[in-house]
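Using our numbering, the first residue of the sequence shown is number 8, and each one after it goes up by one.
C-beta: ideal position from N, C-alpha, C; glycine also.
Small disclaimer: the values here were computed from a predicted structure and weren't measured.
First comes the structure, then the notes that go with it.
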Amino acid sequence: MTLILNKADVASVLDMKDCMVAVEQAFAELSGGTAVLPLRIGITPPEGLSLYMPAYLKKMEALACKVVTVYKNNPMKHNLPTTIGKVLLQDPTTGDVICIMNGGYLTAVRTGAASGVATKYLARNDKEQVAGILGAGVQAKMQLWAVCEARNISKAFVYDISDTAADAFIAEMGKKLNLKIIKAKTADELLQADIICTATSSPSPLFDGNKVREGTHINGIGSHTPTARELDSAIVKRSKFIGDSREACFKEAGDIMIPVNAGEIPESHFYAELGEIITGKKQGRVNDREITLFKSNGLAIQDAAAAKLVYKKAVAAGIGIQVEI
Ligand SMILES: NC(=O)c1ccc[n+]([C@@H]2O[C@H](COP(=O)([O-])OP(=O)(O)OC[C@H]3O[C@@H](n4cnc5c(N)ncnc54)[C@H](O)[C@@H]3O)[C@@H](O)[C@H]2O)c1
Numbered sequence: 008m009t010l011i012l013n014k015a016d017v018a019s020v021l022d023m024k025d026c027m028v029a030v031e032q033a034f035a036e037l038s039g040g041t042a043v044l045p046l047r048i049g050i051t052p053p054e055g056l057s058l059y060m061p062a063y064l065k066k067m068e069a070l071a072c073k074v075v076t077v078y079k080n081n082p083m084k085h086n087l088p089t090t091i092g093k094v095l096l097q098d099p100t101t102g103d104v105i106c107i108m109n110g111g112y113l114t115a116v117r118t119g120a121a122s123g124v125a126t127k128y129l130a131r132n133d134k135e136q137v138a139g140i141l142g143a144g145v146q147a148k149m150q151l152w153a154v155c156e157a158r159n160i161s162k163a164f165v166y167d168i169s170d171t172a173a174d175a176f177i178a179e180m181g182k183k184l185n186l187k188i189i190k191a192k193t194a195d196e197l198l199q200a201d202i203i204c205t206a207t208s209s210p211s212p213l214f215d216g217n218k219v220r221e222g223t224h225i226n227g228i229g230s231h232t233p234t235a236r237e238l239d240s241a242i243v244k245r246s247k248f249i250g251d252s253r254e255a256c257f258k259e260a261g262d263i264m265i266p267v268n269a270g271e272i273p274e275s276h277f278y279a280e281l282g283e284i285i286t287g288k289k290q291g292r293v294n295d296r297e298i299t300l301f302k303s304n305g306l307a308i309q310d311a312a313a314a315k316l317v318y319k320k321a322v323a324a325g326i327g328i329q330v331e332i
């Protein structure tokens, strides 16, 4: 039998705190050598892009593949979203697909969770901190949620080029997190924050990295092609650079590839993978003046860990529909 879980089913069982625990374990497995993580495979049919993201986590017994598509004409032509994702979870013992679940909400939560874990390990640990979120879309909301799980956030700033998106963000997340959220007029206004998340669709830098305060922690999750970047060379240069995966960063992240290719920083500026910080192989923040930067490209191990968590919780709660395929 295969369990089918729709978006509402996934949302009803997946919360940030648990997802952060699962994602932290997944990064530890990656660093410890017990994860299998091939780079994602892409196929480009005439109308769009289709990505296949497989992963296996031995200790967590999680084997999964996410199929995610980006079809720009979908909303206009077919009344469907641009990005659609589904996760196939397998039983590692038999190989059988035991669950097919909606991947949209899961992707946003697991992406938030990675930033939450990075924040937990890398941000300063003051009693109260201010968060700044650049972008007010789907991912941005989960970034704030995750940062609030990792640190005691007293207030947050949000900036988006779309006023409507920023207003919706404030209404939804202010209520969900019971938090004061202020709409910033410019990206610069937000640089007073202690923890900054960049989660936009922008292909070019969002702010002047020279203006970032010492001691800031940044989670950069938006851009993910060699020629696009949310972060300029100045902030990358000033930061201790931690990536989700070295391989993914040097194949997909313009944020580090552009300054390296321009000779502004050496490749060795890539300091560590998040898993190396979690497992103590490399030291994280060493003082309150350091700027730490986590670059997330999004890894299939995050999907596999989150999908396994969702499946276990859904089975325990009797949620979803079992079908014979
Ligand atoms: N790292 C990961 O694991 C991961 C996972 C999923 C998505 N993403 C990426 O995250 C980004 C955001 O995705 P989303 O699903 O939230 O998209 P979205 O369309 O819901 O939101 C993007 C927001 O960015 C805003 N924006 C664009 N340019 C801006 C600028 N210069 N300044 C401020 N705001 C700006 C847009 O107005 C929009 O509100 C995309 O690039 C996506 O590919 C990364």
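Classify residue i as helix, strand or coil using the three-state DSSP reduction.
| i | result |
| --- | --- |
| residue 289 | coil |
| residue 263 | helix |
| residue 95 | strand |
| residue 219 | coil |
| residue 81 | helix |
| residue 168 | coil |
| residue 272 | coil |
| residue 257 | helix |
| residue 123 | helix |
| residue 280 | strand |
| residue 308 | helix |
| residue 325 | coil |
| residue 315 | helix |
| residue 192 | coil |
Using the C-alpha atoms, what's the distance from residue j back to residue i?
| i | j | result |
| --- | --- | --- |
| residue 272 | residue 260 | 14 angstroms |
| residue 27 | residue 117 | 8 angstroms |
| residue 252 | residue 309 | 12 angstroms |
| residue 184 | residue 177 | 10 angstroms |
| residue 87 | residue 222 | 43 angstroms |
| residue 250 | residue 192 | 30 angstroms |
| residue 9 | residue 326 | 13 angstroms |
| residue 248 | residue 332 | 46 angstroms |
| residue 180 | residue 189 | 11 angstroms |
| residue 43 | residue 72 | 12 angstroms |
| residue 199 | residue 110 | 34 angstroms |
| residue 103 | residue 49 | 24 angstroms |
| residue 203 | residue 197 | 8 angstroms |
| residue 153 | residue 225 | 13 angstroms |
| residue 46 | residue 255 | 7 angstroms |
| residue 69 | residue 58 | 20 angstroms |
| residue 219 | residue 125 | 18 angstroms |
| residue 51 | residue 76 | 10 angstroms |
| residue 99 | residue 114 | 22 angstroms |
| residue 32 | residue 128 | 13 angstroms |
| residue 292 | residue 148 | 26 angstroms |
| residue 123 | residue 97 | 27 angstroms |
| residue 294 | residue 81 | 48 angstroms |
Can you list, in chain order, the residues of its chain with a C-beta nearer than 8 angstroms to that of residue i? Leave out the 5 residues immediately preceding and following it.
| i | result |
| --- | --- |
| residue 286 | 35, 38 and 39 |
Use the C-beta contact count for residue i: other C-beta atoms within 10 angstroms, 16 or more gives buried, fewer gives exposed.
| i | result |
| --- | --- |
| residue 343 | Here the chain covers residues 8 to 332 and nothing more, so residue 343 does not appear. |
| residue 201 | buried |
| residue 83 | exposed |
| residue 328 | exposed |
| residue 167 | buried |
| residue 41 | exposed |
| residue 54 | exposed |
Output needed for residue i: all residues of its chain with C-beta closer than 7 angstroms, excluding positions within five of it in sequence on either side, in chain order.
| i | result |
| --- | --- |
| residue 217 | 241 |
| residue 237 | 205, 207, 209, 212, 213, 227, 229, 230 and 262 |
| residue 234 | 261 |
| residue 14 | 109, 111 and 112 |
With a CB to CB cut of under 6 angstroms and the five nearest residues on each side skipped, what residues in its chain are close to residue i?
| i | result |
| --- | --- |
| residue 95 | 72, 104 and 107 |
Could you check if residue i belongs to the surroundings of ligand 3, using beta carbon to heavy atom distance under 7 angstroms?
| i | result |
| --- | --- |
| residue 249 | This structure does not include ligand 3; its bound ligands are ligand 1. |
- Query: Are the stretch 306-326 and the stretch 266-279 touching, with three or more C-beta to C-beta distances below 8 angstroms?
  - Reply: no
- Message: Check whether the stretch 142-151 and the stretch 162-177 touch, using three or more Cβ-Cβ pairs below 8 angstroms as the test.
- Response: yes
- Taking 8 angstroms as the threshold, find out whether the stretch 293-307 comes into contact with the stretch 13-24 through three or more Cβ pairs. no
- Could you tell me whether the stretch 150-162 touches the stretch 50-66, using the rule of 3 or more Cβ pairs below 8 angstroms? no
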